[in-house]
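S.K.:
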Amino acid sequence: MPKRILIGTIVSDKTDKTVVVKVERKVKHPLYGKIIRRSKKYHAHDESNSFKAGETVRIEETAPISKLKTWKVIDRVQAGKTAAIEADV
Numbered sequence: 043m044p045k046r047i048l049i050g051t052i053v054s055d056k057t058d059k060t061v062v063v064k065v066e067r068k069v070k071h072p073l074y075g076k077i078i079r080r081s082k083k084y085h086a087h088d089e090s091n092s093f094k095a096g097e098t099v100r101i102e103e104t105a106p107i108s109k110l111k112t113w114k115v116i117d118r119v120q121a122g123k124t125a126a127i128e129a130d131v
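Just remember that this note's numbering sits 42 ahead of the position in the sequence shown, which is counted from 1.
1) Under three-state DSSP, which class holds Ile78?
2) Exposed or buried, what is Asp117 when buried is set at 16 or more other beta-carbons lying within 10 Å of its beta-carbon?
3) Are Glu102 and Lys45 close, meaning C-beta to C-beta below 8 Å?
4) Alpha carbon to alpha carbon, how far is Arg67 from Ile47?
5) Please report the straight-line C-alpha distance between Trp113 and Pro106, rounded to a whole angstrom.
6) Would you kindly report the start and end of the unbroken beta strand (DSSP E) that includes Glu102?
If you want it as structure tokens, here you go:
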């Protein structure tokens with residue numbers, strides 16, 4: 043089974059070797075049909091503490107690292123390339 047890769051924004055980098063990434067997705071309301079933004083926060087492993095709050099990053103699913111961490115940060119996403127990567131996913 044392939045590992046899931048998500049794109050999100052770092053909302054917190056206060057803990058050691060960990061960042062909190064907020065991933066937003068758009069879903070259609072089942073009854074009214076309006077497009078709604080839903081978000082979820084993931085704790086991701088950042089070995090070198092190199093990522094800061096506000097950056098857009100890609101995270102990959104891994105084996106559990108701790109109680110909350112089952113994701114690791116792969117790399118930063120440049121502003122121009124975000125749309126191209128989301129189209130591939």
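Just so it is clear, CB atoms sit at the ideal spot from N, CA and C, and this is done for glycine as well.
M.R.: In this structure, then:
1) Three-state result, Ile78: strand.
2) Its Cβ having fewer than 16 others within 10 Å, Asp117 is exposed.
3) yes
4) 13 Å
5) 8 Å
6) Thr98 to Glu103
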